[in-house]
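Report on the following structure.
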Amino acid sequence: MIAAEPKSRRRYFRLRNSGKWFLLSLLVGIAAGLGGVVFQAAGQVVVHFVLQPYAGFSPGEAASEHPIFGHAAVTDLSIPWLIAVLTVGGLASGLLVYTFAPEAEGHGTDGAIDAFHNRRGNIPGRVAVVKTIASAITLGTAGSGGREGPIAQIGAATASQLGRALKLSARDRRVLLAAGMGAGVGAIFRAPLAGALFAGEILYRDADLESDVIVPAAIASIVSYSVYGLFLPKDLCFQHVFGDLSEYTTHSLGELLPYAILALVLSLVAVFYIKCFYGIHKLFAMLPGPKHIRPAIGAALAGLVAAGLYYACGQNK
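Residue numbers for the sequence shown follow this note's numbering, beginning at 126 and rising by one.
This is the structure:
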């Protein structure tokens with residue numbers, strides 16, 4: 126029979142473990158916040174020096190974002206040059222990824238989840254660098270994509286490298302990796318609570334939650350958001366992302382009914398979108414030839430679709 130451990134010793138180990146995770150989460154948050162700043166700035170650099178001068182177009186920034194170059198949203202748009210820039214951007218991104226870090230293939234979230242479940246929380250350090258540059262090129266040349274997947278993988282890769290440098294166990298590396306995912310998302314979207322919940326629920330297909338991840342991810346997300354906010358003007362740092370809409374108040378429960386209906390509709394649209402997304406992904410995987418050129422083909426097709434919509438909507442003025 127094992128003798129009971131003294132309460133003082135149990136309390137000591139609890140505090141030591143809590144302190145360890147607080148420090149690890151703090152370090153992950155700082156790294157993810159800085160990663161978000163670099164990623165956001167890199168995309169704007171590509172827009173300013175490539176997309177705007179060659180295609181005559183700049184998508185601009187959202188109202189709550191901070192453009193470092195202050196360019197106008199739309200200038201002298203040239204559709205042929207836009208398609209050319211898109212294609213070259215896709216080719217450059219493909220060459221970078223498949224030459225230096227094939228693990229960075231895809232939108233990013235799937236790669237981080239795969240590392241959590243199947244690679245003992247290990248992601249090569251080069252993934253963070255390559256993913257940052259390749260995604261900045263894709264988004265900066267008006268490629269069809271978003272920031273969630275790339276920043277999730279960037280944060281995960283950074284956290285994984287920290288775990289390896291500190292010689293953490295496989296379990297601790299996996300928790301740290303998930304916290305890095307949440308910290309990246311929480312920073313770049315300025316939503317630390319959402320980042321923490323994202324880290325816990327994105328890891329599983331079903332409605333499961335990785336409870337061990339929530340607290341480290343919450344700490345890391347708050348820290349990453351704070352670090353990211355240091356590089357924003359003070360009037361934007363804590364500004365409501367949705368502006369005046371954030372002050373909307375309800376007067377009766379009946380006003381919530383349209384939102385419930387909208388949620389159901391969007392759920393169906395999301396399922397349809399996911400099926401289409403992965404269906405097209407499978408089609409591209411079957412294409413002959415080197416993988417390096419597939420992003421260029423996809424970017425060119427996206428440009429043609431955008432051009433068709435542009436002219437169909439009567440914007441060719």
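We treat Cβ as the ideally placed atom computed from N, Cα and C, and that holds for glycine.
Spatial distance of residue i from residue j (CA atoms)
i           : j           : result
residue 343 : residue 205 : 45 Å
residue 291 : residue 300 : 14 Å
residue 376 : residue 386 : 18 Å
residue 429 : residue 145 : 52 Å
residue 193 : residue 287 : 30 Å
residue 378 : residue 278 : 40 Å
residue 403 : residue 164 : 25 Å
residue 238 : residue 439 : 42 Å
residue 425 : residue 235 : 24 Å
residue 339 : residue 423 : 36 Å
residue 152 : residue 307 : 13 Å
residue 333 : residue 228 : 26 Å
residue 392 : residue 271 : 19 Å
residue 140 : residue 147 : Because the pLDDT of residue 140 is 46, which lies under 50, any placement of that residue in the model is unreliable, and the number read from its coordinates should be weighed accordingly. The straight-line gap from Cα to Cα measures roughly 10 Å.
residue 324 : residue 309 : 10 Å
residue 149 : residue 395 : 35 Å
residue 269 : residue 169 : 15 Å
residue 433 : residue 296 : 50 Å
residue 173 : residue 183 : 8 Å
residue 273 : residue 143 : 29 Å
residue 331 : residue 212 : 37 Å
residue 390 : residue 401 : 17 Å
residue 232 : residue 382 : 34 Å
Cβ separation of residue i and residue j, assumed to be a contact under 8 Å, to the nearest whole Å
i           : j           : result
residue 210 : residue 259 : Residue 210 to residue 259, Cβ: 16 Å. No contact.
residue 345 : residue 319 : Not quite, the Cβ-Cβ distance comes to about 13 Å (not below 8 Å), so this is no contact.
residue 266 : residue 176 : 6 Å
residue 348 : residue 208 : The Cβ separation is near 41 Å, so there is no contact.
residue 315 : residue 353 : 7 Å
residue 457 : residue 257 : No information on residue 457 is available, as it lies outside the stretch 126 to 442 that the chain covers here.
Buried/exposed call for residue i, threshold 16 Cβ in 10 Å
i           : result
residue 407 : exposed
residue 374 : exposed
residue 380 : exposed
residue 397 : exposed
residue 411 : exposed
residue 221 : buried
residue 413 : exposed
residue 246 : buried
residue 399 : exposed
residue 384 : exposed
residue 285 : buried
residue 241 : buried
residue 336 : exposed
residue 157 : buried
residue 350 : buried
residue 313 : buried
residue 415 : exposed
residue 327 : buried
residue 178 : exposed
residue 185 : exposed
residue 436 : exposed
residue 321 : buried
residue 276 : buried
Other residues of its chain near residue i: CB distance less than 8 Å, five sequence neighbours each side excluded
i           : result
residue 294 : none
residue 329 : 335
residue 255 : 221, 222, 225, 226, 229
Sequence-distant residues of its chain with Cβ nearer than 7 Å to residue i (five each side left out)
i           : result
residue 191 : 357, 358, 361
residue 262 : 171, 214, 217, 218
residue 251 : 225, 226
residue 418 : 216, 219
residue 159 : 352
residue 280 : 157, 160, 305, 306, 308, 309
Beta-carbon proximity list for residue i, same chain, < 6 Å, skipping 5 on both sides
i           : result
residue 282 : 248, 252, 253
residue 420 : 215, 218, 219
Going residue by residue through the segment 195–278, where are the continuous alpha helix (DSSP H) segments of at least 4 residues, counting only ones entirely within it? 204–225, 234–243, 251–265
Secondary structure, alpha helix (DSSP H): runs of 4+ residues fully inside the segment 304–354: 317–326, 336–354
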